[in-house]
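Enquirer:
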Amino acid sequence: MSGEDKERVCVTGAGGYIASWLVKYLLLKGYMVHGTVRDPCDEKNAHLKKLEGASENLQLFKTDLLDYEALCAAMAGCTGVFHVACPVPVGKVQLIEPAVVGTKNVLNSCVKAKVKRVVVVSSIGAVMLNPNWPKGQVMDEECWSDEEFCKATENYYCLAKTIAEIQALEYAKRGELDIVTVCPSIVIGPMLQPTINTSSLLLLGFLKDRTEPLEDEDRPLVDVRDVVDAILLIYEKPEAKGRYICTSFTIRMQALAEKIKSMYPNYDYSKSFTKVDEELRLSSGKLQNLGWKYRPLEESIRDSVKNYEEAGILHKE
Ligand SMILES: NC(=O)c1ccc[n+]([C@@H]2O[C@H](COP(=O)([O-])OP(=O)(O)OC[C@H]3O[C@@H](n4cnc5c(N)ncnc54)[C@H](OP(=O)(O)O)[C@@H]3O)[C@@H](O)[C@H]2O)c1
1 MSGEDKERVC VTGAGGYIAS WLVKYLLLKG YMVHGTVRDP CDEKNAHLKK LEGASENLQL
61 FKTDLLDYEA LCAAMAGCTG VFHVACPVPV GKVQLIEPAV VGTKNVLNSC VKAKVKRVVV
121 VSSIGAVMLN PNWPKGQVMD EECWSDEEFC KATENYYCLA KTIAEIQALE YAKRGELDIV
181 TVCPSIVIGP MLQPTINTSS LLLLGFLKDR TEPLEDEDRP LVDVRDVVDA ILLIYEKPEA
241 KGRYICTSFT IRMQALAEKI KSMYPNYDYS KSFTKVDEEL RLSSGKLQNL GWKYRPLEES
301 IRDSVKNYEE AGILHKE
């Protein structure tokens with residue numbers, strides 16, 4: 001198939017953790033990919049140009065989420081858009097502008113380019129912060145984080161993701177765009193990009209010396225490659241509608257530490273945990289009904305550790 005005949009799609013924030021895997025899989029599937037990055041010449045995006053098929057089928061566009069005109073240039077000619085870009089901060093950082101105004105700019109540029117389907121990457125952060133959800137009841141796509149609760153607890157990331165996802169689904173309700181959202185839980189697994197993203201710090205934190213006690217909370221996890229499978233499934237299945245929770249395992253922090261320790265006994269592990277009573281129950285049933293499958297947790301841990309060792313982030317014991 002010549003370049004002109006291939007389906008053209010755009011990925012925002014192409015150099016990020018999830019987006020890099022998405023670009024890789026799209027290229028392998030034969031799509032022509034437009035990737036938006038803030039700086040195409042920055043070394044942190046160099047890995048994209050080395051992906052299989054990138055030299056012929058990947059075009060990078062210098063674009064900030066707050067620059068509507070630049071976004072329009074990146075979307076032009078695309079039938080599909082994957083809106084992945086959003087700052088993922090450590091701690092209580094205000095990010096309403098890039099998340100909410102950025103999403104609005106992306107969606108308006110999709111309307112202008114007459115894009116056929118948009119997949120917006122939201123987060124479990126737009127699902128879980130809901131103090132009114134009945135205790136013990138499994139959280140599904142009906143559950144939304146409570147904006148007032150997010151503000152009161154200064155959880156600006158969850159607030160921004162909630163407002164951005166509601167806003168995205170309103171475009172779909174108004175019939176302006178065919179939009180589907182996906183809400184991944186904490187994403188783990190090997191990195192393609194050279195800089196360490198926020199969620200990869202979770203596993204790394206277990207493998208490096210940690211002196212402060214860790215809360216023994218339930219944490220929902222999913223492998224980055226399974227997230228990308230979900231995004232592609234949602235994009236390619238016309239019957240996909242609304243939002244999809246994407247999570248594989250919920251595990252207590254201490255149990256996760258013990259699992260990693262049983263696989264890699266020589267690293268220096270988190271030693272103390274404080275007890276937390278709350279239980280987290282989340283379901284990806286809707287996504288599984290669409291045909292989504294996920295890999296075993298041990299595989300994600302094994303591939304992550306191998307990746308950290310090869311990248312020199314962890315030193316083989
Ligand atoms: N990782 C997780 O555990 C997780 C879980 C649920 C949902 N998500 C969602 O998944 C998406 C990707 O997350 P990730 O983990 O892959 O994070 P990441 O590696 O930090 O990637 C975030 C990307 O967003 C871009 N970005 C941030 N602000 C921007 C702006 N103003 N204009 C243009 N680009 C901007 C970044 O570009 P620069 O490199 O230029 O900064 C980067 O490419 C986000 O929407 C996040 O909310 C992630």
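Numbering follows this note's numbering, with no gaps: position 217 of the sequence shown is 217. The beta-carbon is built from N, C-alpha and C at its ideal position, and this holds for glycine as well. This structure is a prediction, so every number in the text was calculated from the model and none was measured.
1. If you follow the beta strand (DSSP E) that tyrosine 244 is in, where does it begin and where does it stop?
2. Shorter than 7 Å, the distance from the beta carbon of arginine 38 to the closest heavy atom of ligand 2, or not?
3. Assign glutamine 203 to buried or exposed, taking buried as 16 or more other Cβ atoms, counted over all protein chains shown, within 10 Å of its Cβ.
4. Could you check if valine 187 is buried or exposed, using at least 16 other CB atoms within 10 Å of its CB as the buried criterion?
5. What three-state label does DSSP hand isoleucine 251 in the structure shown?
6. If we count the other Cβ atoms within 10 Å of its Cβ and call it buried at 16 or more, is leucine 322 buried or exposed?
7. How long is the line joining the alpha carbons of alanine 85 and valine 9, rounded to whole angstroms?
8. Per DSSP, what kind of secondary structure is cysteine 183 in: helix, strand or coil?
9. Would you mind working out which of Gly136, Asn130 and Gln167 sits nearest aspartate 153, comparing C-alpha positions?
10. Taking 7 Å as the cut-off, is the beta-carbon of threonine 233 closer than that to any non-hydrogen atom of ligand 1?
11. Between the C-alpha atoms of cysteine 41 and glutamate 7, what's the straight-line distance to the nearest angstrom?
12. Specify the secondary structure class of arginine 219 as computed by DSSP and reduced to three states.
13. If you follow the alpha helix (DSSP H) that lysine 112 is part of, which residue opens it and which one closes it?
14. Ordered along the chain, which non-local residues of its own chain (more than five positions away) have a Cβ less than 8 Å from that of arginine 38?
15. So, using beta-carbon positions, are glutamate 165 and arginine 219 closer together than 8 Å?
16. Which residue wins for smallest C-alpha separation from threonine 79, given the options Val115, Pro134 and Lys306?
17. Would you give the residue range spanned by the alpha helix (DSSP H) that glutamine 288 belongs to?
18. From arginine 252 to arginine 117, what distance separates their C-alpha atoms?
19. My output table needs one value for histidine 47: the three-state DSSP class, helix, strand or coil.
20. Ignore the nearest five residues each way along the sequence and tell me which others in valine 119's own chain have a CB closer than 6 Å to its CB.
21. If we call anything under 8 Å between Cβ atoms a contact, is asparagine 105 one with tyrosine 68?
22. Taking 8 Å as the threshold (C-beta atoms), are glutamate 141 and lysine 286 in contact?
23. Bridge partners for leucine 58 per DSSP, in chain order?
24. Would you kindly work out how many angstroms separate the C-alpha atoms of lysine 44 and alanine 255, rounded to a whole number?
25. Can you determine whether any heavy atom of ligand 1 sits closer than 7 Å to the C-beta of alanine 74, and answer yes or no?
26. Mapping DSSP to helix, strand and coil, what is cysteine 143?
27. Could I get the ranges of all uninterrupted alpha helix (DSSP H) runs contained in the stretch 150-176, with 4 residues as the minimum, in chain order?
Expert: Looking at the atomic coordinates:
1. For tyrosine 244, the enclosing beta strand (DSSP E) covers residues 242-246.
2. This structure does not include ligand 2; its bound ligands are ligand 1.
3. Per the sequence shown, the amino acid found at residue 203 is leucine instead of glutamine. By the C-beta density criterion, leucine 203 is buried, having at least 16 other C-beta atoms within 10 angstroms.
4. With 16 or more other Cβ atoms within 10 Å, it is buried.
5. Of the three classes helix, strand and coil, the one that applies to isoleucine 251 here is strand, per DSSP.
6. Given that the chain is displayed from residue 1 to residue 317, the structure contains no residue 322 and the question cannot be resolved.
7. When rounded, the distance between both Cα atoms is 15 Å.
8. In this structure, cysteine 183 counts as strand in the three-state DSSP scheme.
9. With the sequence shown as reference, residue 153 is identified as threonine, and aspartate is not the correct amino acid for it. For threonine 153, the nearest C-alpha among the options comes from Asn130.
10. The question names threonine, yet the displayed sequence has leucine at residue 233. Checking the Cβ of leucine 233 against ligand 1 gives no.
11. Rounded to whole angstroms, the gap between the alpha carbons of cysteine 41 and glutamate 7 is 26 Å.
12. Look at arginine 219 here: in three-state DSSP terms it is strand.
13. Residues 102-112.
14. Within its own chain, the residues whose Cβ lies closer than 8 Å to the Cβ of arginine 38, once the five positions on either side in sequence are excluded, are Lys62, Thr63 and Asp64, listed in chain order.
15. No, they are not a contact pair.
16. Checked all of Val115, Pro134 and Lys306; the closest Cα to threonine 79 is Val115.
17. Unbroken alpha helix (DSSP H) run through glutamine 288: 285-289.
18. So the two alpha carbons sit approximately 37 Å from each other.
19. DSSP places histidine 47 in the helix class (H, G or I) of the three-state scheme.
20. Same-chain partners within the cutoff: Phe82, Val180, Ile231, Ile234 and Tyr235.
21. With a cutoff of 8 Å on beta-carbon distance, asparagine 105 and tyrosine 68 are scored as near each other.
22. Remark: C-beta atoms of lysine 286 and glutamate 141 approach each other more closely than 8 Å.
23. In DSSP, leucine 58 forms a bridge with Val33.
24. Whole-angstrom Cα-Cα distance: 34 Å.
25. No, ligand 1 has no heavy atom inside 7 Å of this Cβ.
26. It is coil, neither helix nor strand.
27. Restricting attention to alpha helix (DSSP H) runs no shorter than 4 residues, the stretch 150-176 encloses them at 156-173, ordered along the chain.
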